[in-house]
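Student:
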Amino acid sequence: MKDPELIIIGAGPAGIAAAVEAARAGATVKILDENAKPGGRIYSQLNDGFKLVHPGYLGPDYQKGKALLSEFAAVRKKIDYRHDTLVFGTFENRIMAFHQAGKGQRVAFNKLIVATGAYDRPVPFPGWTLPGVLTAGGAQSLVKMQRVLPGKNLLFAGTGPLQLVVANQVLDGGGTVAAILEAGEIDNWLKLLKGFSRNWGLLTDGLQYMRAIRKAGVPLLRRHMILEARGDRQVEEAVIAEVDKDWRAIEKTRRILKVDTICLGYGLVPSVELTRLVGCQHRYSPGLGGWIPARNEDMETSVPGVFAVGDGAGVAGSAMAMSEGRIAGISIAQSLGYISSEEARKRKRPYLNEMKKLGRLRDALDRISYPRPGLFELANDDTIICRCEELTLGDIKSAIGKGTTEMNELKRMTRMGMGPCQGRMCAPAVQEIIAGQTQTPAAEIAYLNQRPPTKLVPIDVLDSLPGEFEIRHGW
Amino acid sequence: MEYRGDDMTQDLRIWKDVQRGQAFDIEVDGRPVAAYEGETVAAAITAAGIRTTHQTVKREEPRGFCCGIGLCYGCTMVIDGVPNRRTCQTLVKPGMRVQTQKGLAKWEVPE
Amino acid sequence: MVGVREAAVVVIGGGIMGCATAYELAKKGQSVILLEKGFVGAEASGRNGGGVRQQKRDPAELPLAMASVKIWQGLRDELDWELEYRQGGNIHILGNPDRYDFFIDQLQSSQKAGLNVRLLSPEETRKLLPILRKDLDLLGATYCPSDGNANPLFVCKAYAKAAQKLGVEIRENEPLQRLVVKSGRVIAAETAQAEYRAPDFVVAAGAWSRPICHQIGLDFPVVVKRSQLMVTEPLPPVFSEFVSADQCSCYFRQALSGGIHIGIPSAPIEDFNKTTSYDAFKIAGQSCMTLFPFLEKVNIVHCWAGLTNWTPDAVCIIDKAPDVEGCYLTAGHSGHGFCMGPITGRLLAEWIVDGKPSMDLSAVRWTRFNDIYL
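Protein chains in written order, with the numbering used here: chain A, 73 to 547; chain B, 456 to 566; chain C, 927 to 1300.
Quick look at the structure:
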């Protein structure tokens, strides 16, 4: 079977938009996604067994998602779409390995689009490993996709408009929200959204959410953060406080809220494992979530033929993700010769304009919501930093104190990052810890080496990979 | 060390705007827990008020569901004899056996 | 380049060979400067499978390996660092009739040299390793209970810290630019930071030793190979032996932290790259299912690779350089050097300080290749 001209990893808004544009132009497209259905996180669809009776609770995203998914459905026959499929490695000679339904497979990629999205930023603070502390994304997956409330009395703590969406879904579902803590100044980003209101539906959504929250009597506390989660075997109460402009607690404002669930929404971290593995250059951008691949205006990375789009290349929301996906899809269609450069320019124009407007808004939102120093100072020496290996801040600081200031060496000395999360939950925080301890800008701290597998893969799947190799020895 | 919601008859499920499919029980630490087709194990146990999924190896501390997208490994339990299974990524099946995992659990060696 | 530094010995390379040598020299009162291009133990010494093995060695290395194990037994206390060294045994499962006689011969000659290796029957093999695949065809196994394994992540650091306590200067992130030879003697090692002068130099730079030697007109025949490893998620203790088998390509070792390390056989690599190859995944999966099918649902969590130097006879070199004074070399460990670190450090220190090593090193001499190489 001929290899596809374009492989897309991720069927969220960015990946689908790219697939649609490339397939429409005539390219052979293969799209690999680890979920059961397309849509990614934001346009996630209910599992079989559930039946949607009324889409109201899904909010305005539902309609946007429906429109995109219909475009996808229209070109489905032209696309090799593999769901429940996990890509776990890229290798020399542009070979990629993935598995589906327990069977390992291999494919060569020519053009590649990485659209792997982002994940909730892990924020270590005392008690954050207690059952009952989840991410806003985790809460959303329960409420939206599984229609289950994460707990009886919720506290939201984070920054930016996303946690309002989830809080709303909880309230709509009959749940109780004790309070929503916004680390920054809510008024600032509301003012900001007003400035872009002509082209940005989020403002209306945002105001709607705020209204519902106020109506339910949920306190929305600006310039507040959670300092500690307490409880015997699960969350029983939260210590909160007002914070200054650097997100540092104003001690005398400390108080306790009796809650059983804490949802943390401090932004997202782009999933750049595959772009790093394939060798793309990355730069550190705290406002966009962390390390992101460098890209040109066609969304191509520093590795020729490899493109990155969506939150996985810099957290900027679904509207931006779709536009970026379309740009990449059109550019690739042109480079493969399916459309002329003039036709490509024509097709890209509306999305480039959209991106310009969104870009301005995004930059402005970043200035408000990018993490301030106080976010990385919540942990004390007894706080777990590496959840998998149960390492505390004290353990990490002790290793740094002994002269281990390089992340890969720190990993070997302490086992930080060696667990099943492969460093996702600890490395972003450890980077900031090393930066703080050594007075070095975080951007100059070399990150953990990236190797396959980019996610855990079972041995029987590896055994089922194609290829025959003679037994040989020699170690 | 198993934790249970203080009221096992309470159900944190949201019934608004959706219809659920086939209902059946799964077994959690030997006790029947309600589940519905299409739910993840994490959802079913959360709905029942069960929050502790495992106890850590070194410090023997309780952990639970956290990220919901299969990355944090906070939600792992033993499922049908296989340890370290992410409950947020595993769909319920009738007769499924789920156990709170204590540290490193034994992997069953096939006969 | 800023200034000139002097020491009794300059060691190039911060792997187990370099760190052990620096430590042993310091124990004998020598001033030592060690130059390491990255951090100690960053390369093969910190990446290998952890095996500390005597059995299945060429007779040239066996006495050295046995002497090294004696040092390993006391190393944790001597270096005051937990190395997770355990003598859990090494077992090689026999299954290839064409290789059977070779292994028996090797076993018998090792026994004559005093090694406590013995042949196990198929039943005894299964009793020792009940997790072995039930329908695996096997002829038995060679088993050495005094073999073992340790955690490679710690050993170099442990040696380096102990060396530093005795006054050794360990200079990390300082790659060697060149050795300087004058009147037939190595007189200096140059880095971007300084020029290091000493009466004696030790080249212990693993896969990088050969380019260093080339640059002063010396050579030795080695092929650089990439050795790859993977580790599973942690399991409760299942086996304590270091396991290899005729029936599959990989070796297996369970670390104290619970993960099973799977070693993929080395293959020549042109560009010194340490990426993980596609084959490694397939080979590891296949080997696991061949020997230990209970691993079928266990996940692989991490992979990594290291670079090893292979001589034509797979036996190492521990020797003074021919034709140039003041230069010692330890290289070519052919994928099984980890065990040899402690004894190599000790013998080189003896050679340099006392004038000759306390064991016969003629079997691992540099010049043995002249006949085949020239």
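Glycine included, every Cβ here is placed at the ideal spot set by N, Cα and C.
Check whether the region 211-222 of chain A touches the region 277-291 of chain A, taking contact to mean three or more Cβ pairs, one atom from each stretch, closer than 8 Å.
Tutor: no
Student: Candidates A/362, A/179, A/96, A/372: which alpha carbon is nearest residue 144 of chain A's?
Tutor: A/96
Student: For residue 228 of chain A, go through chain B and note every residue whose CB falls closer than 9 Å to its CB, in chain order.
Tutor: The premise fails here: residue 228 of chain A is roughly 15 Å from chain B at the closest Cβ pair, so nothing lies under 9 Å.
Student: Run down chain B in chain order and give the residues with a C-beta less than 8 Å from the C-beta of residue 120 of chain A.
Tutor: In chain order: 476, 492, 493.
Student: Excluding five sequence neighbours on each side, which residues of the same chain lie with their C-beta closer than 7 Å to the C-beta of residue 331 of chain A?
Tutor: So the list reads 225, 226, 227, 250, 307, 309, 310, once near-sequence residues are dropped.
Student: Report all residues from its chain with a CB closer than 7 Å to the CB of residue 270 of chain A; omit the five preceding and five following residues, and keep chain order.
Tutor: Its pLDDT being 47, under 50, residue 270 of chain A is placed unreliably in this model, and the coordinates cannot settle the point.
Student: Starting from the C-beta of residue 1113 of chain C, find all residues in its chain whose C-beta is less than 8 Å away, skip the five residues before and the five after it, and write them out in chain order.
Tutor: Counting only Cβ-Cβ distances below 8 Å, and skipping sequence neighbours, we find 1106, 1107, 1123, 1252.
Student: Output needed for residue 402 of chain A: all residues of its chain with C-beta closer than 6 Å, excluding positions within five of it in sequence on either side, in chain order.
Tutor: 93, 416, 419, 420
Student: Take the Cβ of residue 561 of chain A as the centre, count every other Cβ of all protein chains shown within 10 Å, and call the residue buried at 16 or more, exposed below.
Tutor: Coverage of chain A is limited to positions 73 through 547, which leaves residue 561 of chain A absent and any answer about it impossible.
Student: If you measure between the beta carbons of residue 394 of chain A and residue 140 of chain A, is that distance less than 8 Å?
Tutor: yes
Student: Please report the residue range of the alpha helix (DSSP H) in which residue 355 of chain A lies.
Tutor: Unbroken run through residue 355 of chain A is the beta strand (DSSP E), 354-357; no alpha helix (DSSP H).
Student: Looking at C-alpha atoms only, which residue of C/1296, C/1271, C/1081, C/1159 is the closest neighbour of residue 991 of chain C?
Tutor: C/1271
Student: Can the beta-carbon of residue 1175 of chain C be found less than 8 Å from the beta-carbon of residue 1082 of chain C?
Tutor: no
Student: In this structure, does DSSP put residue 440 of chain A in helix, strand or coil?
Tutor: In the structure shown, residue 440 of chain A falls within a helical segment according to DSSP collapsed to helix, strand and coil.
Student: By alpha-carbon positions, which one of C/938, C/1266, C/1117 ends up nearest to residue 1078 of chain C?
Tutor: C/1266
Student: Pull the bridge partners of residue 1153 of chain C from the DSSP assignment, please.
Tutor: C/1232
Student: Pick from C/1145, C/1158, C/1044: whose alpha carbon is nearest that of residue 1071 of chain C?
Tutor: C/1044
Student: At a Cβ threshold of 8 Å, is residue 534 of chain B touching chain A?
Tutor: no
Student: Quick check: is the beta carbon of residue 945 of chain C nearer than 8 Å to any beta carbon in chain A?
Tutor: Interface annotation, residue 945 of chain C: not in contact with chain A, CB-CB separation never under 8 Å.
Student: Pick out whichever of A/534, A/541, A/481 has its Cα sitting closest to the Cα of residue 964 of chain C.
Tutor: The option with the nearest alpha carbon to residue 964 of chain C is A/481.
Student: When the Cα atoms are used, what is the spatial distance from residue 544 of chain A to residue 1191 of chain C?
Tutor: 7 Å
Student: According to DSSP, is residue 578 of chain B part of a helix, a strand, or is it coil?
Tutor: Residue 578 of chain B lies beyond the range of chain B shown here (456 to 566); nothing can be said about it.
Student: Could you list the residues in the region 1049-1060 of chain C with a C-beta less than 9 Å from some C-beta on chain B, going in chain order?
Tutor: 1056, 1057, 1060
Student: Determine the contact status of residue 609 of chain A and residue 343 of chain A, defining contact as a CB-CB distance below 8 Å.
Tutor: One cannot answer for residue 609 of chain A here, as it falls past the ends of chain A, which runs 73 to 547.
Student: List in chain order: all unbroken beta strand (DSSP E) runs of 3+ residues lying wholly within the region 384-461 of chain A.
Tutor: Every unbroken stretch of the beta strand (DSSP E) spanning 3 or more residues and falling wholly within the region 384-461 of chain A is given here in chain order: 456-458.
Student: Contact defined as beta carbons within less than 8 Å: I believe residue 503 of chain B pairs with residue 489 of chain B. What is the distance between those atoms, to the nearest angstrom?
Tutor: 7 Å
Student: For residue 1281 of chain C, which option in C/1013, C/1131, C/1126, C/1032 has the closest C-alpha, if you only look at C-alpha atoms?
Tutor: C/1126
Student: In the structure shown, what three-state DSSP assignment does residue 519 of chain A receive?
Tutor: It is coil, neither helix nor strand.
Student: Name the chain C residues that come within less than 7 Å of residue 172 of chain A, Cβ to Cβ?
Tutor: Near residue 172 of chain A there are no residues of chain C at all, since even the closest Cβ is about 16 Å away, more than 7 Å.
Student: Name, going along the chain, the residues of the region 1217-1251 of chain C whose beta-carbon falls closer than 7 Å to a beta-carbon of chain B.
Tutor: 1219, 1220, 1223, 1224
Student: Would residue 1260 of chain C and residue 1236 of chain C be called neighbours here (beta carbons separated by less than 8 Å)?
Tutor: yes
Student: Compare the C-beta of residue 560 of chain B with all C-beta atoms of chain A and state if any pair is closer than 8 Å.
Tutor: no
Student: Going along the chain, which residues of the region 1160-1190 of chain C sit with their C-beta nearer than 7 Å to a C-beta in chain B?
Tutor: 1160, 1161, 1162, 1184
Student: Just by C-beta distance, which residues in the region 182-213 of chain A are closer than 8 Å to chain B?
Tutor: 191, 192, 194, 201, 202, 203, 204, 205, 206, 207, 209, 210, 211, 212, 213
Student: From the DSSP output, in three-state form, read off residue 1174 of chain C for me.
Tutor: Three-state DSSP puts residue 1174 of chain C in coil, outside helix and strand.
Student: Using the beta-carbon count (16 or more within 10 Å), is residue 319 of chain A buried or exposed?
Tutor: Classification of residue 319 of chain A: buried, given that the 10 Å Cβ count is 16 or more.
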